[in-house]
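Protein chains in written order, with the numbering used here: chain A, 138 to 257; chain B, 4 to 164.
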């Protein structure tokens with residue numbers, strides 16, 4: 138039994154170490170320039186993060202995307218789990234908001250060279 | 004298969020469905036797709052410990068089918084099936100090595116469940132970007148798997164069915 142608990146402990150340690158390493162490997166970059174909307178893997182729109190706007194994505198299945206202060210967030214949606222809303226705001230290159238029920242991904246792209254990269 | 008066996012299946016499957024329903028009522032604190040407690044895994048872990056690999060696989064599959072028909076849709080079925088299948092295979096392999104207790108088996112199950120789901124999500128959504136959720140899912144899988152493993156160990160020791 139003791140030996141098995143040793144195995145358990147090692148397994149947990151290895152998994153947590155892997156998580157720590159992967160965290161640094163996949164860490165999002167600096168502030169992004171675009172909010173890119175993809176539905177079912179197809180890009181449907183891209184909005185510059187420099188311009189504030191609120192837009193509804195989809196029809197019967199909808200998610201409301203709000204861009205303000207160089208960050209994007211989903212503020213309303215009729216999906217079941219509302220994970221997209223709870224994700225909160227994303228602003229850094231590589232970050233994403235995901236709505237699995239609607240097969241929607243809003244990802245942040247582009248480094249500093251945004252549409253108004255030198256402004257504000 | 005005798006009557007006792009069948010009623011055991013039915014009992015555990017019903018319990019798994021009840022736990023799935025209970026979990027759907029709990030607010031999820033995390034904002035990462037795929038992150039969950041996995042209460043239903045308690046039943047699978049129990050079946051693995053006290054019954055056979057075949058029993059655990061059968062209960063897991065029936066549970067995924069019924070829960071998806073009742074609470075989900077075609078896509079949530081795909082996520083659940085991928086998570087459940089990968090988690091079952093990994094748990095079976097780990098158990099077979101004889102080097103891990105129910106705790107380690109459950110932790111590996113929780114983590115591989117999350118990995119299976121994120122892989123299907125990447126395929127469905129057509130984006131590899133979701134990989135950056137992996138570290139968070141690993142940590143949450145370890146935490147959930149530990150909780151379920153400890154509970155499963157206590158249950159498997161005390162409950163006689």
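Positions of the beta carbon are idealized from the N, C-alpha and C atoms, including for glycine.
Outcome for residue i when other beta-carbon atoms lying within 10 angstroms are tallied against a minimum of 16
i	result
residue 227/A	buried
residue 153/B	exposed
residue 117/B	buried
residue 57/B	exposed
residue 145/A	buried
residue 196/A	exposed
residue 181/A	exposed
residue 254/A	In this prediction, residue 254/A scores a pLDDT of 44, lower than 50, which makes its location untrustworthy; the coordinate-derived value is nonetheless stated afterwards. The residue is exposed, with fewer than 16 neighbouring Cβ atoms inside 10 Å.
residue 173/A	buried
residue 55/B	exposed
residue 211/A	buried
residue 145/B	buried
residue 193/A	exposed
residue 98/B	buried
residue 245/A	buried
residue 257/A	For residue 257/A, the predicted model reports a pLDDT of 38, less than 50, meaning its position is unreliable; a value from the coordinates is still stated below. Counting Cβ neighbours within 10 Å, residue 257/A comes out exposed, since fewer than 16 surround it.
residue 235/A	buried
Whole-angstrom C-beta distance between residue j and residue i, which should lie under 8 Å
i	j	result
residue 150/B	residue 123/B	Not quite, the Cβ-Cβ distance comes to about 24 Å (not below 8 Å), so this is no contact.
residue 164/B	residue 11/B	6 Å
residue 141/B	residue 114/B	6 Å
residue 155/B	residue 48/B	4 Å
residue 70/B	residue 20/B	6 Å
residue 26/B	residue 7/B	Between residue 7/B and residue 26/B the Cβ distance is about 29 Å, and since that is not below 8 Å, they are no contact.
Under 7 Å from the C-beta of residue i: neighbouring residues of chain B
i	result
residue 160/A	138
Within chain A, the residues that residue i reaches when beta carbons sit closer than 7 Å
i	result
residue 111/B	148
residue 124/B	237
Beta bridge counterpart(s) of residue i as assigned by DSSP
i	result
residue 202/A	192/A and 211/A
residue 241/A	176/A and 236/A
residue 168/A	229/A
residue 246/A	171/A
residue 183/A	173/A
Chain B residues whose Cβ lies nearer than 8 Å to that of residue i
i	result
residue 201/A	Result: empty, since nearest Cβ-Cβ is about 17 Å, beyond 8 Å.
residue 240/A	78, 127 and 128
residue 153/A	141, 142 and 145
Under 9 Å from the C-beta of residue i: neighbouring residues of chain B
i	result
residue 231/A	132 and 135
8 Å Cβ cut-off: residues of chain A touching residue i
i	result
residue 104/B	138, 141, 142, 144 and 145
Residue from the options whose Cα sits closest to the Cα of residue i
i	options	result
residue 232/A	196/A, 199/A, 169/A and 178/A	169/A
residue 127/B	80/B, 158/B, 52/B and 156/B	80/B
residue 243/A	130/B, 102/B and 90/B	130/B
residue 216/A	206/A, 201/A and 205/A	201/A
residue 46/B	61/B, 107/B and 35/B	61/B
residue 143/A	17/B, 104/B and 23/B	104/B
residue 53/B	147/B, 15/B and 5/B	15/B
residue 158/A	43/B, 147/B, 138/B and 162/B	138/B
Under 9 Å by beta carbon: chain A residues contacting residue i
i	result
residue 107/B	141, 142, 144, 145, 146, 147, 148 and 149
Residue i CB to nearest heavy atom of the ligand NAD below 7 Å
i	result
residue 23/B	The ligand NAD is absent from the structure shown, which contains no ligand whatsoever.
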